[in-house]
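Before any comments, here is the structure.
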Amino acid sequence: ETAVFQTPNYHVTQVGNEVSFNCKQTLGHDTMYWYKQDSKKLLKIMFSYNNKQLIVNETVPRRFSPQSSDKAHLNLRIKSVEPEDSAVYLCASRLWGAYEQYFGPGTRLTVL
Amino acid sequence: GQQVKQSSPSLTVQEGGILILNCDYENDMFDYFAWYKKYPDNSPTLLISVRSNVDKREDGRFTVFLNKSGKHFSLHITASQPEDTAVYLCAANYGGSGNKLIFGTGTLLSVKP
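Chains as they are written, first to last, in our numbering: chain L, 45 to 156; chain G, 4 to 116.
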């Protein structure tokens, strides 16, 4: 199956803990994204990688760090989570030179 | 600015009706315009899109219109069906550094049988 896959689906943790989310795409794309969907359902870009190179880095707190091992994988680590980090984190991918982006199912993070 | 604005947070239409969803953007750096459909607790899926060198694209019951001079694009849905009930997100690609999609806040569409 060709798609964008994310793990875990849900994660509940406490303030100050570290979390990691994984994203893998089997669409043959070379550009991947992390978006955050907040409580108001607004979808905002956080990071973008093209072939393991960071190309978009929006203004996000330094506790967020993306990690890319190859063009098919883009993970997101959050050191010392805060309550405002509670959101759905969506991974997406596209082919460089094309505009269409395809989204994964999301990871819902709840910080207690 | 890099904002994309959807003016209607919600819309209700009777089954079979025609509806129009609207979106405005702020500057000429946007070069691709898309509409995504999102069911609750699901991820957005691409519905229809158009590049900035085209002012209209039709796909079945769905048509996207682009008005570049007005910095406005819209989604027209004809013969609406209950399964069209969802959140519709407009998005535009900001063609500056990095090429990033900027999303609107969404319009919740309800199609009543």
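Backbone N, C-alpha and C define an ideal beta-carbon position, used for all residues, glycine too.
Sequence-distant residues of its chain with Cβ nearer than 6 Å to residue i (five each side left out)
| i | result |
| --- | --- |
| phenylalanine 36/G | Val53, Leu69, Phe76 and Ala95 |
| tyrosine 93/L | Met76, Ser112 and Leu118 |
| glutamine 6/G | Glu29 |
| lysine 59/G | Phe68 |
| leucine 78/G | Leu24, Trp38 and Val67 |
| asparagine 66/L | Thr51 and Asn119 |
| isoleucine 21/G | Thr81 |
| threonine 70/L | Thr46 |
| isoleucine 105/G | Gln5, Val7, Ala95 and Tyr97 |
Option in the options with minimal Cα separation from residue i
| i | options | result |
| --- | --- | --- |
| lysine 8/G | Lys115/G, Asn56/G and Asn30/G | Asn30/G |
| leucine 111/G | Lys40/G, Tyr28/G, Gln17/G and Met32/G | Lys40/G |
| threonine 48/G | Thr154/L, Cys135/L and Ser130/L | Cys135/L |
| valine 48/L | Leu120/L, Gln111/L and Gln145/L | Gln145/L |
| serine 124/L | Leu156/L, Thr51/L, Lys85/L and Pro149/L | Leu156/L |
| proline 116/G | Ser11/G, Glu18/G and Leu14/G | Glu18/G |
| proline 110/L | Ile89/L, Gly72/L and Tyr143/L | Ile89/L |
| serine 10/G | Leu104/G, Ser46/G, Asn45/G and Tyr91/G | Tyr91/G |
| glycine 63/G | Leu50/G, Gly4/G and Ser113/G | Leu50/G |
| methionine 32/G | Gly98/G, Cys93/G, Ser72/G and Ser55/G | Gly98/G |
| threonine 153/G | Leu104/G, Ser72/G, Ser83/G and Gly107/G | This structure gives no information on residue 153/G, because the portion of chain G shown stretches from 4 to 116. |
| glycine 72/L | Gly60/L, Asn61/L, Thr46/L and Thr151/L | Thr46/L |
| valine 57/G | Ser46/G, Asp34/G and Asp44/G | Asp34/G |
| proline 105/L | Thr70/L, Asp129/L and Leu87/L | Asp129/L |
| tryptophan 140/L | Phe108/L, Pro149/L, Pro127/L and Gln97/L | Gln97/L |
Residues of its chain near residue i, where Cβ-Cβ distance is below 7 Å and the 5 sequence neighbours each way are ignored
| i | result |
| --- | --- |
| asparagine 95/L | Asp74 and Lys115 |
| aspartate 27/G | Lys8, Lys74 and His75 |
| threonine 88/G | Leu112, Ser113 and Val114 |
8 Å Cβ shell around residue i - same chain, five flanking residues per side excluded
| i | result |
| --- | --- |
| valine 63/L | His55, Thr57, Arg121, Ile122, Val125 and Leu153 |
| proline 102/G | Correcting the residue identity first, residue 102/G is asparagine in this sequence and not proline. Cβ neighbours of asparagine 102/G beyond the five flanking positions: Asn96. |
| serine 13/G | Thr110, Leu111, Leu112 and Ser113 |
| glycine 60/L | Ser124 and Val125 |
Residue i: CB within 6 Å of a non-hydrogen atom of the ligand GTP
| i | result |
| --- | --- |
| glutamine 9/G | Looking for the ligand GTP in the displayed structure turns up nothing, as the structure carries no ligands at all. |
Residue-level contact to chain A via CB, residue i, 7 Å cutoff
| i | result |
| --- | --- |
| leucine 120/L | As a matter of chain content, chain A is missing from the structure shown, whose protein chains are L and G. |
Give, in chain order, every residue of the region 37-71 of chain G whose Cβ lies closer than 9 Å to some Cβ of chain L. Ala37, Tyr39, Lys41, Asp44, Asn45, Ser46, Pro47, Thr48, Leu49, Ser52 and Arg54
Quick one, which residues of the region 91-106 of chain L are near chain G if we go by CB-CB under 7 Å, in chain order? Ser92, Ile99 and Val100
Counting beta carbon pairs with one atom in the region 120-140 of chain L and one in the region 80-90 of chain L, are three or more of them shorter than 8 Å? These segments touch.
Identify every run of the beta strand (DSSP E) within the region 60-90 of chain G, keeping only runs that are complete inside it and at least 3 residues long; order them along the chain. 65-70 and 75-80
The region 98-105 of chain L touching the region 47-57 of chain L, judged by at least three CB pairs closer than 8 Å: no
Could you tell me which uninterrupted beta strand (DSSP E) segments, each at least 3 residues in length, are contained entirely in the region 49-107 of chain L, listed from first to last along the chain? 54-57, 63-69, 75-81, 87-94 and 97-101
Name the residues in the region 99-110 of chain G whose C-beta lies less than 7 Å from a C-beta of chain L; which are they? Gly101, Lys103, Leu104, Phe106, Thr108 and Gly109
Using Cβ-Cβ distances below 9 Å, what residues of the region 13-29 of chain G are close to chain L? none
Against chain G: residues of the region 139-156 of chain L by CB proximity under 9 Å: Trp140, Tyr143, Glu144, Gln145, Tyr146, Phe147, Gly148, Pro149, Gly150 and Arg152
Against chain L: residues of the region 77-95 of chain G by CB proximity under 9 Å: Val90, Leu92 and Ala94
Check each residue of the region 59-81 of chain L: if its Cβ is closer than 7 Å to any Cβ of chain G, include it; give the result in chain order. none
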